[in-house]
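Numbering of the sequence shown is given in our numbering, commencing with residue 3 and proceeding in unit increments.
A virtual CB, placed ideally from N, CA and C, is assigned to each residue, including glycine.
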Amino acid sequence: MSTPEQNKKTVANIYGICWNNGDMNEIDKIFDDNVEHDQFLPDWPKGKEGFKTLVSFWREAFPDIHEEALELIAEGNKVASRFRLTGTHLGDFYGIPGTGRKIDILGAEIFEFKDGKVVQYFYHEDTMGLFTQLGLMPVGQNKIAGVNS
3 MSTPEQNKKT VANIYGICWN NGDMNEIDKI FDDNVEHDQF LPDWPKGKEG FKTLVSFWRE
63 AFPDIHEEAL ELIAEGNKVA SRFRLTGTHL GDFYGIPGTG RKIDILGAEI FEFKDGKVVQ
123 YFYHEDTMGL FTQLGLMPVG QNKIAGVNS
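Here it is in structure tokens:
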């Protein structure tokens, strides 16, 4: 069984080795074959292959992607992370061709570990900020409850 500190180190490696370097072999070492995660699209693969698909999907759209943990909190067999993701949109992203725009967004993730491997993975990022930075959302023109955004 891994300790909370070991789990935090593993999550840091997920950012540096998997996301930033695209090392799929490391994903095989870190994630359980049947890891549970968000289904990003209806036909998204399940398990470890789903996480590999997620990393490839983002790295193809943002080849210079850089993701870093701003904060890691571990308790028991779970690690919560607040992260920052930056990159340049050069490839297809959900059917949106590369715009050449830079992104800089924040997000949060929760990883659950069993026997040193990630068995559950859920995340949320600033999707509104992402699409605004890609030029797909008008800035300052939306009115919600009388407040300019």
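Spatially closest choice to residue i from the options, by CA coordinates
i	options	result
residue 100	28, 65 and 139	65
residue 138	127, 26, 125 and 103	103
residue 125	133, 105 and 71	71
residue 10	3, 83, 58 and 37	83
residue 105	113, 97, 87 and 111	87
residue 55	81, 25, 68 and 98	25
residue 81	44, 63, 96 and 115	115
residue 36	44, 49 and 62	49
residue 98	62, 79 and 111	62
residue 131	6, 108 and 59	108
residue 7	85, 34 and 79	79
Own chain residues within Cβ distance below 8 Å of residue i, not counting five before or after
i	result
residue 32	12, 15, 16, 20, 119 and 120
residue 67	21, 22, 60, 61, 87, 88 and 89
Cβ neighbour criterion (16 or more within 10 Å) applied to residue i
i	result
residue 39	buried
residue 91	buried
residue 123	buried
residue 77	exposed
residue 75	exposed
Three-state secondary structure (DSSP) of residue i
i	result
residue 102	coil
residue 118	coil
residue 5	coil
residue 131	helix
Which runs of the alpha helix (DSSP H), 4 residues or longer, sit entirely within the stretch 17–74?
-> 26–32 and 49–63
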